[in-house]
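Enquirer: What follows is a single structure, and I will ask about it in a moment.
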Amino acid sequence: MSVQVVAAKMAEVELKDINSKSLPAAMPVAQKQEEKSAIKSQTAAPSPSPAVSAAAKVAAAPEDPTLPTPSPNLMKMPAASVLKRTEPQHNGGEAFISPDGTVTEAPKTVKKQIQFADQKQEFNKRTTKIGRRSLSRSISQSSTDSYSSAASYTDSSDDETSPRDKQQKNSKGNGDFCIKNIKQADFGRREIEIAEQEMPALMALRKRAQGEKPLAGAKIVGCTHITAQTAVLMETLAALGAQCRWAACNIYSTQNEVAAALAEGGFAVFAWKGESEDDFWWCIDRCVNVEGWQPNMILDDGGDLTHWIYKKYPNMFKKIKGIVEESVTGVHRLYQLSKAGKLCVPAMNVNDSVTKQKFDNLYCCRESILDGLKRTTDVMFGGKQVVVCGYGEVGKGCSAALKAMGSIVYVTEIDPICALQACMDGFRLVKLNEVIRQVDIVITCTGNKNVVVREYLDRMKNGCIVCNMGHSNTEIDVASLRTPELTWERVRSQVDHVIWPDGKRIVLLAEGRLLNLSCSTVPTFVLSITATTQALALIELYNAPEGRYKQDVYLLPKKMDEYVASLHLPTFDAHLTELTDEQAKYLGLNKNGPFKPNYYRY
Amino acid sequence: MSDSQGDGKLELKQASKDVKESENVAEKYSAMTVTKNSEMGIGDIAGVPAAFTPVAGHKPVKKQIQFADDKQEFSRFPTKTGRRSLSRSISQSSTDSQGSAASYTDSSDDETSPRDKTQANSKGNSDFCVKNIKQGEFGRREIEIAEQDMSSLISLRKRAQGEKPLAGAKIVGCTHITAQTAVLIETLVALGAQCRWTACNIYSTQNEVAAALSEAGVAVFAWKGESEDDFWWCIDRCVNMEGWQPNMILDDGGDLTHWVYKKYPNVFKKIRGIVEESVTGVHRLYQLSKAGKLCVPAMNVNDSVTKQKFDNLYCCRESILDGLKRTTDVMFGGKQVVVCGYGEVGKGCCAALKALGSIVCITEIDPICALQACMDGFRVVKLNEVIRQVDVVITCTGNKNVVTREQLDRMKNGCIVCNMGHSNTEIDVASLRTPELTWERVRSQVDHVIWPDGKRVVLLAEGRLLNLSCSTVPTFVLSITATTQALALIELYNAPEGRYKQDVYLLPKKMDEYVASLHLPTFDAHLTELSDEQAKYLGLNKNGPFKPNYYRY
Chain G
1 MSVQVVAAKM AEVELKDINS KSLPAAMPVA QKQEEKSAIK SQTAAPSPSP
51 AVSAAAKVAA APEDPTLPTP SPNLMKMPAA SVLKRTEPQH NGGEAFISPD
101 GTVTEAPKTV KKQIQFADQK QEFNKRTTKI GRRSLSRSIS QSSTDSYSSA
151 ASYTDSSDDE TSPRDKQQKN SKGNGDFCIK NIKQADFGRR EIEIAEQEMP
201 ALMALRKRAQ GEKPLAGAKI VGCTHITAQT AVLMETLAAL GAQCRWAACN
251 IYSTQNEVAA ALAEGGFAVF AWKGESEDDF WWCIDRCVNV EGWQPNMILD
301 DGGDLTHWIY KKYPNMFKKI KGIVEESVTG VHRLYQLSKA GKLCVPAMNV
351 NDSVTKQKFD NLYCCRESIL DGLKRTTDVM FGGKQVVVCG YGEVGKGCSA
401 ALKAMGSIVY VTEIDPICAL QACMDGFRLV KLNEVIRQVD IVITCTGNKN
451 VVVREYLDRM KNGCIVCNMG HSNTEIDVAS LRTPELTWER VRSQVDHVIW
501 PDGKRIVLLA EGRLLNLSCS TVPTFVLSIT ATTQALALIE LYNAPEGRYK
551 QDVYLLPKKM DEYVASLHLP TFDAHLTELT DEQAKYLGLN KNGPFKPNYY
601 RY
Chain L
1 MSDSQGDGKL ELKQASKDVK ESENVAEKYS AMTVTKNSEM GIGDIAGVPA
51 AFTPVAGHKP VKKQIQFADD KQEFSRFPTK TGRRSLSRSI SQSSTDSQGS
101 AASYTDSSDD ETSPRDKTQA NSKGNSDFCV KNIKQGEFGR REIEIAEQDM
151 SSLISLRKRA QGEKPLAGAK IVGCTHITAQ TAVLIETLVA LGAQCRWTAC
201 NIYSTQNEVA AALSEAGVAV FAWKGESEDD FWWCIDRCVN MEGWQPNMIL
251 DDGGDLTHWV YKKYPNVFKK IRGIVEESVT GVHRLYQLSK AGKLCVPAMN
301 VNDSVTKQKF DNLYCCRESI LDGLKRTTDV MFGGKQVVVC GYGEVGKGCC
351 AALKALGSIV CITEIDPICA LQACMDGFRV VKLNEVIRQV DVVITCTGNK
401 NVVTREQLDR MKNGCIVCNM GHSNTEIDVA SLRTPELTWE RVRSQVDHVI
451 WPDGKRVVLL AEGRLLNLSC STVPTFVLSI TATTQALALI ELYNAPEGRY
501 KQDVYLLPKK MDEYVASLHL PTFDAHLTEL SDEQAKYLGL NKNGPFKPNY
551 YRY
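Taken in sequence, the protein lines are chains G and L. FYI, in full-length UniProt numbering the residues of the first sequence are 1 to 602. FYI, in full-length UniProt numbering the residues of the second sequence are 1 to 553.
Written out as structure tokens, the structure is:
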């Protein structure tokens with residue numbers, strides 16, 4: 001019995017931790033700066049100062065050993081992840097500014113092919129799509145917020161009229177949407193169908209829950225990336241009985257043809273690729289501010305929608321049953337609100353669910369490190385000496401993949417526990433400067449800044465590949481390479497040779513930005529995990545009996561987390577064993593879960 | 001055969017106890033782990049076969065050492081290995097720490113109970129009770145061997161010796177008394193503590209180590225093969241001492257704590273804290289705490305990250321191969337193996353078997369762990385689907401009756417069945433004790449169960465824990481535990497008034513990290529340090545803790 005108490009206590013600890021996580025002192029500062037440069041209208045963002053002082057308070061509090069100081073160290077998690085605001089800048093930049101002209105051109109040709117030569121499309125699409133994906137579309141990433149780096153089959157330059165000035169109607173005469181071009185709907189539908197095939201969990205959820213319509217009466221307003229995967233989510237929500245109005249959470253990430261397909265399907269979608277700042281808020285406003293319709297659920301990615309409603313329509317919260325938030329940034333903002341006592345509805349943090357975390361970090365990076373390096377450099381991994389900086393989830397994934405390819409992997413770490421794990425997994429634990437002269441590849445995934453500094457770059461051997469899997473673009477001190485004596489030579493998109501006066505070359509990938517965002521893709525399967533989690537969180541919040549959730553930020557109940565996992569098992573033809581009644585009694589478990597205590601580490 | 005019949009009875013008794021326990025407990029964690037009662041049962045049972053086989057080869061070893069000291073260095077190693085393989089294996093995995101008997105000296109060579117003997121060490125001190133103080137020298141060598149693998153404790157000694165963080169501490173301990181514990185005890189002494197020690201298991205004491213400790217002036221009350229009465233007598237002798245009152249308790253299993261509560265509740269007025277290592281003991285502490293009866297702070301070192309990873313993942317990753325090889329000499333490459341359960345133990349087993357080229361399938365009940373198995377490249381199946389084709393069945397679920405008679409009936413000839421998980425409940429061994437099946441003991445811990453049609457199933461350790469029965473626990477793993485215990489004692493003893501209330505605490509993460517860092521030099525691992533700028537950027541202290549509490553590692 002008492003062990004249950006423990007579990008309960010641990011749960012509290014977890015919650016407390018997460019609360020305190022909401023105020024990483026380091027983050028608001030960094031965020032502030034980056035925000036300024038990225039999106040100006042962010043002035044409305046919650047001032048970081050209360051958070052900083054709160055964090056200071058926590059840090060000053062005496063160390064409580066059971067709940068080891070919920071504080072400065074917790075900053076690492078959020079800090080380790082890319083701030084949402086910074087993303088549009090790079091990625092948007094990549095897609096358009098990229099000197100590799102062909103990248104932006106390619107989609108256009110594709111589109112024309114499709115429009116004028118529909119018969120050939122099936123044949124052409126695959127190859128072109130792969131070509132395009134490799135450089136542009138990569139969504140919802142890892143240690144970052146969910147995120148799509150622009151690119152759509154249609155690019156915004158082919159039509160100068162702003163969607164806001166156009167009158168469009170779908171085939172049913174409905175005009176309650178605002179997108180680039182409703183005529184692209186057919187093509188978007190095909191995109192959605194492709195995505196459906198890789199999102200079996202949502203499809204299964206549709207089938208399982210369609211009879212009972214658990215979201216009947218739900219009016220969901222959403223603000224996420226508008227991609228084929230999101231479309232599958234939205235249509236699932238609709239199938240479960242919800243009404244949806246949707247806006248984009250990123251001005252570049254919308255797939256116009258998907259938005260068109262959604263609009264054609266009757267969804268009120270307000271989004272196009274290449275919105276202006278003003279368009280962005282206009283779209284959100286159009287979602288929320290509609291005569292005779294008030295949302296009762298919010299699905300947010302980044303917290304912009306929540307923020308807008310707070311600012312403009314605070315009364316709306318009276319009807320709102322809950323907020324589901326996916327991104328690190330948005331969760332951070334929610335915790336700030338909660339801390340300030342301003343959160344007046346329950347909110348669900350789906351970012352920190354076990355399944356999502358494992359897939360976003362460990363499994364996704366395990367694959368994308370090889371993919372990203374191959375696509376950019378065509379390097380052979382066998383026998384190469386690689387140093388991986390940081391042995392968290394991302395580092396574990398990278399090291400495992402490289403070891404499997406026969407590379408000789410070194411690890412650097414600051415945390416002795418992770419360091420010991422690296423040792424026990426058979427990796428040499430070194431300091432970077434001990435091996436920097438001999439390694440062929442340097443991969444950073446620490447979440448820290450200036451892990452690879454100019455001094456190290458100077459000492460690397462000729463041809464050494466340097467890339468970042470960790471955090472934004474701070475890990476490699478790229479700025480220090482912009483000096484007159486070094487020559488930069490762009491050899492491919494995302495690949496720079498930096499040439500020292502003596503002729504030594506260093507291969508710098510994605511200018512030190514996230515390799516997995518820039519140079520590889522995120523499998524739909526990973527997005528499926530996220531989308532399913534979101535759908536279940538919405539169902540949970542919407543159907544929760546009065547009083548189960550207070551005005552606080554919650555983690556997804558473990559049972560839901562387990563359900564997300566179980567929905568994805570059929571993909572692997574995996575057959576879950578069921579407990580017999582006798583066994584369940586013996587273990588003191590419910591046959592249907594949850595199967596683990598809250599503090600279980602997986 | 002007669003021996004196995006005896007076992008059967010014991011097991012039955014034990015099983016019924018288990019059931020009772022688990023009904024009370026109603027929580028997976030405690031259920032997953034062996035309760036103290038069943039522990040002692042295992043000790044009993046494991047002790048029996050151990051006393052049969054290896055001991056015969058034992059006595060000569062002892063004599064060699066006594067009479068031919070020159071040759072000793074040479075002859076000891078091989079014999080030691082032989083012995084360890086079947087008997088000594090301590091502190092294990094999903095169970096409580098546990099020593100399955102065996103010592104260089106066995107209890108039968110001297111009929112007088114240590115309680116009736118008067119012994120004094122070379123300094124004339126007789127405040128101890130061990131089998132034979134003359135074995136002290138040999139025990140010292142054992143301790144020295146252990147010291148070499150426990151460099152973290154030695155470095156802790158060096159680092160903390162100047163300041164004597166335990167000066168004034170009076171520690172009463174109740175753990176397995178082995179060479180590794182001796183290193184811990186002597187470290188505590190070096191840090192300034194006074195220690196009185198007793199054994200937490202009637203079979204696990206290494207007599208010569210106890211002698212060496214006594215010779216060095218530590219009050220030890222323990223010998224191998226104590227009776228139940230002896231066991232409590234020893235504990236009482238530790239605690240009930242004129243002019244000496246303990247102020248710290250180091251316990252493994254909760255018996256000492258229990259005894260002090262029952263007999264000397266006043267002692268708790270002086271006690272600053274309890275450090276408890278085992279699952280059972282921790283469970284008991286939480287019960288006390290729940291009932292509001294815990295009147296001093298207690299530290300749960302069992303659930304520290306480092307200890308958990310080493311006790312389960314890393315240790316089982318090695319012992320599954322070791323245990324199977326030693327018992328069956330099976331070749332792993334290409335074998336089809338089904339591992340039931342993909343928790344830490346299952347993950348370790350699968351990783352090891354996959355690395356040797358086995359084809360591994362998984363069964364799971366938890367969809368999250370099942371998904372992890374999928375992503376790690378293992379087929380997730382139901383046991384029934386593969387039972388006909390697999391060569392090895394390994395259980396590590398913590399559950400009962402995972403492998404039933406029906407499934408055993410369907411296995412192919414020569415299939416190896418073993419348990420890495422929980423006590424002896426996972427494989428329904430009782431169902432194999434039917435007249436139509438013939439049991440044939442082919443080696444110690446290896447039984448062939450023969451069906452009427454001639455099919456044989458190879459059952460290891462009669463369904464008890466393979467890693468306890470048929471392989472050893474590396475000193476390095478014990479070093480993790482011992483270091484964690486030492487740090488927990490230091491933390492509790494030196495904590496400012498009010499930091500710890502009357503509750504059960506987990507070891508602070510910083511301490512956990514320190515334990516890990518003390519073990520890094522073994523791997524010649526070079527930890528990177530944060531620069532001031534980086535620490536500020538991350539909002540971390542340069543010296544840790546580095547991760548939030550909920551970090552999953």
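The beta carbon of each residue, even a glycine, is placed where N, CA and C say it ideally should be. Only a predicted model underlies this, so the values are computations on that prediction, with no experimental measurement involved.
#1: Which whole-angstrom value describes the C-beta separation of Glu426 of chain L and Thr395 of chain L, a residue pair presumed to lie in contact below a C-beta threshold of 8 Å?
#2: Closer than 6 Å by C-beta to Gly390 of chain G: which residues in its own chain qualify, once you throw out the five before and the five after it? Chain order, please.
#3: Taking the alpha-carbon positions, what's the Ser304 of chain L to Asp378 of chain G distance?
#4: Determine, using beta carbons only, whether Gln583 of chain G comes closer than 8 Å to chain L.
#5: Which same chain residues, not among the five before or five after Pro114 of chain L, have their C-beta less than 7 Å away from its C-beta?
#6: For Phe523 of chain L, which of helix, strand or coil comes out of DSSP?
#7: So within the region 168-252 of chain G, which uninterrupted alpha helix (DSSP H) runs reach at least 4 residues, ignoring any that extend past its ends?
#8: When DSSP builds the beta bridges, which residues end up paired with Trp293 of chain G?
#9: Show which residues of chain G have a CB atom less than 8 Å away from the CB atom of Asp512 of chain L.
#10: Have a look at Ala228 of chain G and Asn450 of chain G and give me their C-alpha separation to the nearest angstrom.
#11: Under a three-way DSSP split, which group does Trp272 of chain G fall into?
#12: Output yes if chain G places a C-beta closer than 8 Å to the C-beta of Leu371 of chain L; else output no.
#13: With a cut-off of 8 Å, does the C-beta of His225 of chain G fall near any C-beta of chain L?
#14: Please state the DSSP three-state secondary structure of Arg366 of chain G.
#15: According to DSSP, which residues form a beta bridge with Met248 of chain L?
#16: Expressed to the nearest angstrom, what Euclidean distance is found between the alpha-carbon atoms of Lys325 of chain L and Ser204 of chain L?
#17: Where do the ends of the alpha helix (DSSP H) carrying Asn300 of chain L lie?
#18: Identify every residue that forms a DSSP beta bridge with Thr487 of chain G.
#19: Looking at the strands, I want to know which residues DSSP matches up with Trp197 of chain L.
#20: Apart from the five residues on each side of it in sequence, which residues of its chain come closer than 7 Å, Cβ to Cβ, to Lys207 of chain G?
#21: With the cut-off set at 8 Å, would you say Gln485 of chain L and Leu250 of chain L are in Cβ contact?
#22: Helix, strand or coil for Ile441 of chain G per DSSP?
#23: Which residues in chain L have a C-beta closer than 9 Å to the C-beta of Ala565 of chain G? List them in chain order.
#24: DSSP puts Trp439 of chain L in a beta bridge; with which residues?
#25: Exposed or buried, which one is Met511 of chain L when buried takes at least 16 other CB atoms within 10 Å?
#26: Just the Cα atoms here: how many angstroms apart are Gly323 of chain L and Gly426 of chain G?
#27: What would DSSP say about residue 608 of chain G, mapped onto helix, strand or coil?
#28: With Val429 of chain L and Glu462 of chain L assumed to form a contact (beta carbons below 8 Å), what rounded beta-carbon distance in angstroms separates them?
#29: Need the endpoints of the alpha helix (DSSP H) that Asn207 of chain L sits in, please.
#30: Taking Cβ positions, are residue 643 of chain G and Ala516 of chain L nearer each other than 8 Å?
#31: Helix, strand or coil, according to DSSP, for Arg552 of chain L in the structure here?
#32: Using the three-state DSSP reduction, which class does Val451 of chain G fall into: helix, strand or coil?
#33: Looking at chain L, is there any beta carbon in it that lies within less than 8 Å of the beta carbon of Thr577 of chain G?
#34: To the nearest angstrom, how far is the alpha carbon of Gly512 of chain G from that of Leu356 of chain L?
#35: Determine the chain G residues that contact Leu527 of chain L at a beta-carbon separation under 9 Å, and present them in chain order.
#36: Check Glu160 of chain G in the structure and name its three-state DSSP category.
Expert: Taking the coordinates as given:
#1: Here residue 426 of chain L corresponds to residue number 426 of the second sequence, with the count starting at 1. Here residue 395 of chain L corresponds to residue number 395 of the second sequence, with the count starting at 1. The pair is a contact, with the Cβ atoms about 4 Å apart (cut-off 8 Å).
#2: Translated into positions along the first sequence, residue 390 of chain G becomes position 390. Excluding sequence neighbours, Gly390 of chain G sits near Cys445, Thr446.
#3: Within the second sequence, numbered from 1, the residue matching residue 304 of chain L stands at position 304. Within the first sequence, numbered from 1, the residue matching residue 378 of chain G stands at position 378. Taking the straight line from one Cα to the other gives about 43 Å.
#4: As a first step, residue 583 of chain G is located in the first sequence; it is residue number 583 there, counting from the start. Yes, Gln583 of chain G lies at the interface with chain L (some Cβ there is under 8 Å from its Cβ).
#5: Residue mapping note: residue 114 of chain L aligns to position 114 of the second sequence, counting from 1. If we look at Pro114 of chain L and ignore the five residues flanking it on each side, its Cβ neighbours are Cys129, Val130, Lys131, Trp223.
#6: Position 523 of the second sequence, counting from 1, holds the residue named residue 523 of chain L. In the displayed model, Phe523 of chain L falls within a helix according to three-state DSSP.
#7: 185-197, 200-210, 228-239
#8: In the first sequence, residue 293 of chain G corresponds to position 293, counting from 1. Looking at the DSSP assignment, Trp293 of chain G forms a beta bridge with G:Val290.
#9: Locating residue 512 of chain L in the second sequence gives position 512, counting from the first residue. Ordered by position in chain G, the residues that pass the 8 Å Cβ test against Asp512 of chain L are Ile417.
#10: Within the first sequence, the letter at position 228 stands for residue 228 of chain G. Within the first sequence, the letter at position 450 stands for residue 450 of chain G. So the alpha carbons of these two residues sit roughly 37 Å apart.
#11: As a working note, residue 272 of chain G is residue 272 in the first sequence. Here Trp272 of chain G sits in coil by DSSP.
#12: Locating residue 371 of chain L in the second sequence gives position 371, where the first residue counts as 1. So yes, Leu371 of chain L belongs to the interface.
#13: The count along the first sequence starts at 1 and reaches residue 225 of chain G at position 225. Not an interface residue.
#14: Counting from 1 along the first sequence, the entry for residue 366 of chain G is found at position 366. Correct three-state label for Arg366 of chain G: helix.
#15: On the second sequence, residue 248 of chain L is found 248 positions in, with the first residue counted as 1. Listed as beta-bridge partners of Met248 of chain L by DSSP are L:Ile171, L:Gly273.
#16: If you number the second sequence from 1, residue 325 of chain L lands on position 325. If you number the second sequence from 1, residue 204 of chain L lands on position 204. Near 25 Å, if we compare the C-alpha coordinates of Ser204 of chain L and Lys325 of chain L.
#17: Here residue 300 of chain L is taken as the residue at index 300 of the second sequence, counted from 1. Run containing Asn300 of chain L: none in the alpha helix (DSSP H); it sits in the beta strand (DSSP E), 298-300.
#18: Indexing the first sequence from 1 puts residue 487 of chain G at position 487. In the DSSP output, where bridge partners are listed per residue, Thr487 of chain G has G:Ile499.
#19: As a first step, residue 197 of chain L must be located in the second sequence, where it is residue number 197. Its beta-bridge partners are L:Gly173, L:Val220.
#20: Within the first sequence, residue 207 of chain G is the residue found at index 207, counting from 1. Correct list: empty, nothing qualifies.
#21: On the second sequence, position 485 is the one that residue 485 of chain L refers to. On the second sequence, position 250 is the one that residue 250 of chain L refers to. It is a contact, given that the beta carbons lie within the stated cut-off.
#22: Along the first sequence, one-based indexing puts residue 441 of chain G at 441. Ile441 of chain G falls in the strand class under three-state DSSP.
#23: Position 565 of the first sequence, counted from the start, is the residue given in the question as residue 565 of chain G. Contact note: Ala565 of chain G reaches chain L through Asp366, Pro367, Ile368, Cys369, Ala370, Leu371, Gln372, using a C-beta cutoff of 9 Å and chain order.
#24: The count along the second sequence starts at 1 and reaches residue 439 of chain L at position 439. According to DSSP, which records beta bridges pairwise, Trp439 of chain L is partnered with L:Val449.
#25: In the second sequence, the residue the question calls residue 511 of chain L occupies position 511. The residue is buried, with at least 16 neighbouring Cβ atoms inside 10 Å.
#26: Stepping through the second sequence from its first residue, residue 323 of chain L is reached at position 323. Stepping through the first sequence from its first residue, residue 426 of chain G is reached at position 426. So the alpha carbons of these two residues sit roughly 21 Å apart.
#27: Given that chain G is displayed from residue 1 to residue 602, the structure contains no residue 608 of chain G and the question cannot be resolved.
#28: By one-based count along the second sequence, residue 429 of chain L stands at place 429. By one-based count along the second sequence, residue 462 of chain L stands at place 462. Between Glu462 of chain L and Val429 of chain L the Cβ distance is about 6 Å, and since that is below 8 Å, they are a contact.
#29: Along the second sequence, read from residue 1 onward, the residue named residue 207 of chain L stands at position 207. Asn207 of chain L -> alpha helix (DSSP H) spans 207-215.
#30: It is not possible to answer for residue 643 of chain G, since the shown part of chain G is limited to 1 through 602.
#31: Numbered from its first residue, the second sequence carries residue 552 of chain L at position 552. In the structure shown, Arg552 of chain L sits in coil (DSSP, three-state: anything other than H, G, I, E or B).
#32: On the first sequence, position 451 is the one that residue 451 of chain G refers to. Looking at Val451 of chain G - three-state DSSP - the assignment turns out to be coil, as it is neither helix nor strand.
#33: Stepping through the first sequence from its first residue, residue 577 of chain G is reached at position 577. For Thr577 of chain G, the answer is yes, since a Cβ of chain L falls inside 8 Å of its Cβ.
#34: Your numbering for residue 512 of chain G matches position 512 in the first sequence. Your numbering for residue 356 of chain L matches position 356 in the second sequence. Cα to Cα, the separation comes out at about 38 Å.
#35: Translated into positions along the second sequence, residue 527 of chain L becomes position 527. Those are Thr412, Glu413, Ile414, Asp415, Pro416, Ala419, Leu429, Lys431, listed as they occur along chain G.
#36: As a position in the first sequence, residue 160 of chain G is number 160, starting the count at 1. In this structure, Glu160 of chain G counts as coil in the three-state DSSP scheme.
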